[in-house]
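J.:
Chains as they are written, first to last, in this note's numbering: chain V, 380 to 574; chain D, 890 to 1123.
Structure representation (structure tokens):
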């Protein structure tokens, strides 16, 4: 055993740095925000009543339960808030989820809002809003569709507004006829080849 | 109602007695307000002439403001917004319970009454075309009830309507506590939560006329099971 250890020590200086990955890493200090962020398992254990369970939050930003933000939040991706937010939240074409620990004192605008925690402020959800059991919402709601679970607390008004039909993203955009962009054939074929 | 009474007895006896949900979470003898129905709670569907009158008075109108004092339920939101009205929600009994608990005596305190009304009915005068009070008024002491009726008068628009339900013309220590869900303009789904202490006031036609004397008109519908539905017009 000691022979092997000796050999390793002798070999060590000549090793390239990146091979250290194979060695057992020293215990890293805990990263608080990562630790506090809700995990998939905690999501699946949330009380959802008769509603569909929340899907995994792949590709969405998260504000963990130990985080407090005062100011404006503007996001171009889905957002999960499990901490405290005071100010405004705008996610025009995206989904906002207020987690069970989330406390939002803010005006909210989003495509879709799912509330499991507390919202105090007016909410505009262009497509739909879900207020889950144990959620608390105090404010006025403007939305195309609302789902409210028994046990949720809501104080305010609900204005149902028809959502404007959107152009499907798969439809090709009409090319402006006045200003065609010339694409060199060689460059185009190179790009195709790379694909 | 006979079947419902039997089920209610089982409900109050506790879990395991009838397969229904158990008593409220405090487990004590004193009835406690439960905000929302849970699994297995007793419910029944009933015809409601009061509801019919209430929405009949708004026929062919849209964009009205309707306040529901029974809190927000999916059925009531769907029904009212499908008629093109704006839905307002207030969980009146929850605030009532948070403010006064089981203390009926505190309901005569003017400061407490003012505090309660600021929490529960703080709306501009003439805000609503209709108020669905359901059975929220019958648990209150006389001073609080009079102040609440006065506040409701102010937040209603002229020619606005109020629908209230009182369970019995007899003095009772407790009455069943329901939440009401609108099925259609004539049908209510009543979900029983248990029983709740009252101030033992008598709610007959005479006392209700006195309570709503500042309103323009009061109309009563007495159901077979001693439910008194009241439509009041400002």
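No residue lacks a Cβ here, since even glycine has one placed at the ideal position from N, Cα and C.
Note the first and the last residue of the continuous beta strand (DSSP E) segment covering residue 954 of chain D.
T.: As a working mapping, residue 954 of chain D is identified with position 65 in the second chain. Its beta strand (DSSP E) spans residues 954–957.
J.: Distance check for residue 487 of chain V and residue 460 of chain V, CA to CA, integer angstroms please.
T.: Taking the first chain and counting its residues from 1, one reaches residue 460 of chain V at position 81. Taking the first chain and counting its residues from 1, one reaches residue 487 of chain V at position 108. One C-alpha to the other measures close to 12 Å.
J.: Run through DSSP, which three-state label would residue 985 of chain D get?
T.: Taking the second chain and counting its residues from 1, the one referred to as residue 985 of chain D is at position 96. Three-state DSSP puts residue 985 of chain D in a helix.
J.: Can you tell me where the alpha helix (DSSP H) holding residue 1096 of chain D begins and where it ends?
T.: The sequence position of residue 1096 of chain D within the second chain is 207, counting from 1. Residues 1094–1100.
J.: Along the chain, where does the alpha helix (DSSP H) containing residue 1009 of chain D start, and where does it finish?
T.: Position 120 of the second chain, counting from 1, holds the residue named residue 1009 of chain D. Residue 1009 of chain D -> alpha helix (DSSP H) spans 999–1009.
J.: Cβ atoms of residue 1123 of chain D and residue 1006 of chain D: under 8 Å apart, would you say?
T.: Translated into positions along the second chain, residue 1006 of chain D becomes position 117. Translated into positions along the second chain, residue 1123 of chain D becomes position 234. Their beta carbons are not under 8 Å apart, which means residue 1006 of chain D does not touch residue 1123 of chain D by this criterion.
J.: Per the contact definition of three or more C-beta pairs closer than 8 Å, is the stretch 498–505 of chain V in contact with the stretch 479–486 of chain V?
T.: Yes, the stretch 479–486 of chain V touches the stretch 498–505 of chain V.
J.: What does the alpha-carbon distance come out to for the pair residue 1071 of chain D and residue 955 of chain D?
T.: Mapped onto the second chain, residue 1071 of chain D falls at position 182. Mapped onto the second chain, residue 955 of chain D falls at position 66. Rounded to whole angstroms, residue 1071 of chain D to residue 955 of chain D spans 13 Å at the Cα level.
J.: By DSSP, does residue 423 of chain V sit in helix, in strand, or in coil?
T.: For this step, residue 423 of chain V is matched to residue 44 along the first chain. Confidence at residue 423 of chain V is low in this model, with a pLDDT of 35, below 50, so the placement of that residue is unreliable and no value is reported for it.
J.: Please state the DSSP three-state secondary structure of residue 1105 of chain D.
T.: The residue given as residue 1105 of chain D occupies position 216 in the second chain. Residue 1105 of chain D: coil per DSSP, three-state reduction.
J.: Leaving aside the five residues before and after residue 472 of chain V along the sequence, list all residues of the same chain whose C-beta is less than 6 Å from its C-beta, in chain order.
T.: The residue labelled residue 472 of chain V in the question sits at position 93 within the first chain. Closer than 6 Å at Cβ, skipping near neighbours: 490.
J.: Compile a chain-ordered list of the residues in the stretch 522–539 of chain V whose CB is closer than 9 Å to at least one CB of chain D.
T.: Residues passing the 9 Å Cβ filter: 525, 526, 527, 528, 529, 530, 531, 532, 533, 534, 535, 536, 537, 538 and 539.
J.: So, with DSSP's three-state summary, where would you put residue 947 of chain D?
T.: Position 58 of the second chain, counted from the start, is the residue given in the question as residue 947 of chain D. Residue 947 of chain D falls in the coil class under three-state DSSP.
J.: Check whether the Cβ of residue 978 of chain D lies closer than 8 Å to any Cβ atom in chain V.
T.: Residue mapping note: residue 978 of chain D aligns to position 89 of the second chain, counting from 1. By this cut-off, residue 978 of chain D is an interface position.
J.: What residues in its chain sit with their C-beta under 6 Å from that of residue 1111 of chain D, if we drop five residues either side in the sequence?
T.: As a first step, residue 1111 of chain D must be located in the second chain, where it is residue number 222. Within the same chain, residue 1111 of chain D has close Cβ partners 1117.
J.: Check distances from the C-beta atoms of the stretch 962–991 of chain D to those of chain V and list, in chain order, the residues that come in under 8 Å.
T.: Under the 8 Å Cβ criterion, the stretch 962–991 of chain D contributes 962, 963, 966, 970, 975, 976, 977, 978, 979, 980 and 983.
J.: What are the residues that DSSP puts in a beta bridge with residue 1063 of chain D?
T.: As a position in the second chain, residue 1063 of chain D is number 174, starting the count at 1. Beta-bridge pairing links residue 1063 of chain D to D/1086.
J.: Considering only residues of the same chain and omitting the five flanking positions on each side of residue 1041 of chain D, which have a CB-CB separation below 8 Å?
T.: What you label residue 1041 of chain D is simply residue 152 of the second chain in a count that begins at 1. Contacts found: 1010, 1020, 1022 and 1051.
J.: May I ask you to report which of helix, strand or coil DSSP gives residue 1112 of chain D?
T.: Reading the second chain from its first residue, position 223 is the one you call residue 1112 of chain D. Three-state result, residue 1112 of chain D: coil.
J.: Is the distance from the Cβ of residue 1056 of chain D to the Cβ of residue 1024 of chain D below 8 Å?
T.: Working through the second chain from its first residue, we reach residue 1056 of chain D at position 167. Working through the second chain from its first residue, we reach residue 1024 of chain D at position 135. In contact: residue 1056 of chain D and residue 1024 of chain D (Cβ atoms closer than 8 Å).
J.: If I measure Cβ to Cβ from residue 978 of chain D and keep anything under 7 Å in the same chain, skipping five residues before and after, which residues do I get?
T.: Along the second chain, one-based indexing puts residue 978 of chain D at 89. 957, 960 and 961, listed in sequence order.
J.: Would you please verify whether the beta carbon of residue 463 of chain V is less than 8 Å from any beta carbon of chain A?
T.: Looking for chain A here will not work: the only protein chains present are V and D.
J.: Whose C-alpha, out of V/541, V/463, V/476 and V/457, is nearest the C-alpha of residue 445 of chain V?
T.: Residue numbering aside, residue 445 of chain V sits at position 66 when the first chain is read from its first letter. Closest option to residue 445 of chain V, Cα to Cα, is V/463.
J.: On the CB-based measure, 16 or more other CB atoms within 10 Å of its CB, does residue 996 of chain D come out buried or exposed?
T.: The residue labelled residue 996 of chain D in the question sits at position 107 within the second chain. Buried is the call here.
J.: Using the rule of at least 16 other Cβ atoms within 10 Å of the residue's Cβ for burial, across every protein chain shown, is residue 856 of chain D buried or exposed?
T.: Outside the shown range of chain D, which is 890 to 1123, sits residue 856 of chain D, and nothing can be said about it.
J.: Using the Cα positions of residue 1048 of chain D and residue 530 of chain V, report the straight-line distance between them to the nearest angstrom.
T.: By one-based count along the second chain, residue 1048 of chain D stands at place 159. By one-based count along the first chain, residue 530 of chain V stands at place 151. Looking at the two C-alpha atoms, the distance is approximately 33 Å.
J.: Less than 8 Å between C-beta atoms, sequence neighbours within five positions excluded: which residues of the same chain meet that for residue 1073 of chain D?
T.: Walking along the second chain from the start, residue 1073 of chain D turns up at place 184. The answer, listed in chain order, is 968.
J.: Excluding sequence positions up to five away, which residues of its chain have a Cβ less than 8 Å from the Cβ of residue 513 of chain V?
T.: To locate residue 513 of chain V, count along the first chain from 1; it is residue 134. So the qualifying residues of the chain are 426, 479, 495, 530 and 531.
J.: Can the beta-carbon of residue 933 of chain D be found less than 8 Å from the beta-carbon of residue 1079 of chain D?
T.: Taking the second chain and counting its residues from 1, one reaches residue 933 of chain D at position 44. Taking the second chain and counting its residues from 1, one reaches residue 1079 of chain D at position 190. Going by C-beta atoms, residue 933 of chain D is nearer than 8 Å to residue 1079 of chain D.
J.: With a threshold of 16 other CB atoms inside 10 Å of the CB of residue 1068 of chain D, please say whether the residue is buried or exposed.
T.: For the purposes of this step, residue 1068 of chain D is taken as the residue at position 179 of the second chain. Buried: at least 16 other Cβ atoms inside 10 Å.
J.: Could you work out which residue in V/447, V/458, V/456 and V/455 is closest to residue 466 of chain V when comparing CA atoms only?
T.: Counting from one through the first chain, the residue named residue 466 of chain V turns up at place 87. Looking at the Cα atoms, V/447 is the closest of the given residues.
J.: Considering only DSSP beta bridges, list what residue 1121 of chain D is partnered with.
T.: Mapped onto the second chain, residue 1121 of chain D falls at position 232. Answer is D/1051 and D/1107.
J.: In this structure, what does DSSP give as the bridge partners for residue 1025 of chain D?
T.: Residue mapping note: residue 1025 of chain D aligns to position 136 of the second chain, counting from 1. In DSSP, residue 1025 of chain D forms no bridge with anything.
J.: In terms of DSSP beta bridges, what is residue 463 of chain V paired with?
T.: As a first step, residue 463 of chain V must be located in the first chain, where it is residue number 84. According to DSSP, residue 463 of chain V bridges with V/447 and V/482.
J.: Tell me whether residue 1019 of chain D sits in a helix, a strand or coil according to DSSP, three-state version.
T.: In the second chain, counting from the first residue as 1, residue 1019 of chain D sits at position 130. Strand, per DSSP.
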